[in-house]
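Asks: According to our numbering, the sequence shown is numbered sequentially starting from 49.
Using N, Cα and C, we set each Cβ at its ideal position, and we do this for glycine too.
Computed from a predicted structure; not experimentally measured.
Mind looking over this structure? Questions follow.
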Amino acid sequence: EGDFSPCHYDPQDNIFGQVRGHKRVLLFHPKHFGSLYPWPVNHPQDRQSRVDFEYPDLKSFPEFQNLRGQGLEAILGPGDL
Numbered sequence: 049e050g051d052f053s054p055c056h057y058d059p060q061d062n063i064f065g066q067v068r069g070h071k072r073v074l075l076f077h078p079k080h081f082g083s084l085y086p087w088p089v090n091h092p093q094d095r096q097s098r099v100d101f102e103y104p105d106l107k108s109f110p111e112f113q114n115l116r117g118q119g120l121e122a123i124l125g126p127g128d129l
């Protein structure tokens, strides 16, 4: 209960299955990659966004504001793929 996955990208194709509970997922087109400000390659958190989506620091990450309305939102429940 209460699990959280930071915004990230997966370099390989995969499938996600929700077993129990619900999960909110935001999907962005790859063209928005830079606006998500990922950590540098080889950083322990590479492939993850440096932006706090709830309280974004727009001075440090100004392009993030361009993503408003660009993500595709899905709410997954038990048994959803």
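1. For H77, I'd like the list of residues in its chain whose CB is within less than 8 Å of its CB, leaving aside the five on either flank, ordered along the chain.
2. Quick one: is G127 near chain D, going by C-beta distance under 8 Å?
3. Which of the three DSSP states, helix, strand or coil, is assigned to L129?
4. Alpha carbons only, please: which of W87, L106, D105, L120 is nearest the one belonging to S97?
5. Report the three-state DSSP secondary structure of K71 (helix, strand or coil).
6. In chain order, what residues of the same chain have a beta carbon less than 7 Å from the beta carbon of F101, not counting five sequence neighbours either side?
Replies: Here's the rundown:
1. On the sequence shown, position 29 is the one that residue 77 refers to. Q118, listed in sequence order.
2. Among the protein chains of the structure shown there is no chain D, as only one such chain exists.
3. Reading the sequence shown from its first residue, position 81 is the one you call residue 129. L129 falls in the coil class under three-state DSSP.
4. Here residue 97 is taken as the residue at index 49 of the sequence shown, counted from 1. Checking every option, the nearest Cα to that of S97 belongs to W87.
5. Counting from one through the sequence shown, the residue named residue 71 turns up at place 23. In the structure shown, K71 sits in a strand (DSSP, three-state: E or B).
6. Working through the sequence shown from its first residue, we reach residue 101 at position 53. Answer for F101: C55, listed in chain order.
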